[in-house]
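Encoded as structure tokens, the structure appears first; notes follow it.
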Amino acid sequence: MGHKYSVILCTLASSGGNVWEKPREVLEAVAEAGYDGVDLDAEPDRIEASLFNRVKEMAFSLGLKVPALIGAWAPWHAGEVRDLASTDESERRHGVDYAKKSVDLAATFEEPPVFEIVASPAQSEYPVTKTPIHLLRANFIQSTREITEYAAERNVEIAIEPINRFEGYAGFLNSLVEGKGIVDEIDAPNLGVLADFFHVNMEDGPLNDALRAAGDRLMHIHLADNNRQTPGTGHIDFLDVVRTLNAMNFSGYISLDSVPCKPDWRTALTGTIDFMKQMEKMAALQERIAKAV
Ligand SMILES: [Mn+2]
168 MGHKYSVILC
178 TLASSGGNVW
188 EKPREVLEAV
198 AEAGYDGVDL
208 DAEPDRIEAS
218 LFNRVKEMAF
228 SLGLKVPALI
238 GAWAPWHAGE
248 VRDLASTDES
258 ERRHGVDYAK
268 KSVDLAATFE
278 EPPVFEIVAS
288 PAQSEYPVTK
298 TPIHLLRANF
308 IQSTREITEY
318 AAERNVEIAI
328 EPINRFEGYA
338 GFLNSLVEGK
348 GIVDEIDAPN
358 LGVLADFFHV
368 NMEDGPLNDA
378 LRAAGDRLMH
388 IHLADNNRQT
398 PGTGHIDFLD
408 VVRTLNAMNF
418 SGYISLDSVP
428 CKPDWRTALT
438 GTIDFMKQME
448 KMAALQERIA
458 KAV
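Here the working numbering is used: position 149 in the sequence shown is 316, and no number is missing along the way.
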């Protein structure tokens, strides 16, 4: 059994593949390339329900699943502050309310997609955040508990995505291993961690060690090379990644998250899945050889 692949559709928009403008063209290209699913935007207040449902139904009719809803957490993405770790209570509350609305959206699916949460400050502060890290951690845990309990009642899973210091809080929730620590502390069956290879490559130790450390708490993957371009363009050893995920029996989705999408969205789509399937074939061949010797 091979791994399951999806695409974060909003990433394709940067090079002309905007699913909300030309849904059939984009979804057909994704399905034809051989993906199993698409990750849709969680913006229930901004994307018309009728349009959202039309895209969702079109995806299903093409045989695609919707394994995850992508949260717009960064201010550049959301156009506002949605900060689950904020020491400003109104900002934190706004983030929690946004998450709950997104969970409601996920709950409208027959098979509810995973919803991703992030700690995303109004402004990044380099090299280290001025807010005491223990406060950020306590606030984020409080927010996550509330979201996770709300989601559990609606059969929705929540995945924490740690992000690098330049985009998130410099010093808080940058590494996958740190995210796993928070997941373990909250210890809810519907809470896990999301590994975005671009961030993990920057903030963790060896990528494969971080994946193994996440273990059965690893719920979803965002796929990019170290340069945030498509796999194979940078220096991550994807053959080794596939071997690690095979050994872990990882059964979640691997969603393409290449930003900005280069050279163009169609080439990024086909190039990524062809490359990953090739890595899977090589890993399978190696396993057969190892067994034969
Ligand atoms: Mn990501």
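Backbone N, C-alpha and C define an ideal beta-carbon position, used for all residues, glycine too.
In this structure, the straight-line span from the alpha carbon of L218 to that of D255 is close to 34 Å. For Q309, the closest of D250, G201, T296, V323 by C-alpha to C-alpha distance is D250. DSSP places A286 in the coil class of the three-state scheme, outside both helix and strand. In the DSSP assignment, S257 falls within the alpha helix (DSSP H) that extends over 256-273. Taking 4 residues as the shortest admissible run, the region 279-357 contains the following complete alpha helix (DSSP H) segments, listed from N- to C-terminal end: 300-319, 343-353. Judged by DSSP in its simplified three-state form, G382 adopts helix. In the DSSP annotation of this structure, L207 is not part of any alpha helix (DSSP H); the continuous beta strand (DSSP E) holding it starts and ends at 204-209.
Within 7 Å of the C-beta of D392 there is not a single heavy atom belonging to ligand 1. Put simply, the backbone Cα of V193 is about 38 Å away from that of D351. D206 and A235 have their C-alpha atoms roughly 5 Å apart. Judged by DSSP secondary structure, K171 falls within the beta strand (DSSP E) whose first and last residues are 171-175. Looking at the DSSP output, H389 bridges to D363, S422. Per DSSP, the unbroken alpha helix (DSSP H) holding L436 starts and ends at 432-459. L412 sits in a helix when the DSSP states are folded into three classes. By alpha-carbon distance to S425, the top candidate from H170, I175, Y265 is I175. Nearest to A273 by alpha-carbon distance, out of Q445, Q290, Y317, E345, is Y317. If you check the CB distance, G230 and S287 do not come in under 8 Å. In the three-state scheme derived from DSSP, where H, G and I count as helix and E and B as strand, K223 is classed as helix.
Counting C-beta pairs closer than 8 Å gives three or more between the region 377-388 and the region 336-347, which meets the contact rule. By the criterion of a C-beta distance shorter than 6 Å, D392 is surrounded in its chain by P398, T400, G401, I403, once the five residues flanking it on both sides are discounted. Under the three-state reduction of DSSP, A235 is assigned to strand. The alpha-carbon separation between D407 and D212 amounts to approximately 41 Å.
Closer than 7 Å to some heavy atom of ligand 1: that does not describe the Cβ of D431. Rounded to whole angstroms, the separation of the alpha carbons of P299 and V222 is 43 Å.
Taking C-beta separations shorter than 6 Å and ignoring five residues to either side along the sequence, the partners of G184 in its chain run V193, W432, following chain order.
Put simply, of E313, G359, F339 the residue whose alpha carbon is nearest the alpha carbon of I327 is G359. Ranked by Cα distance from Y172, the options R191, E278, E247, L436 are led by L436. Collapsing the DSSP output to three states places H244 in a helix.
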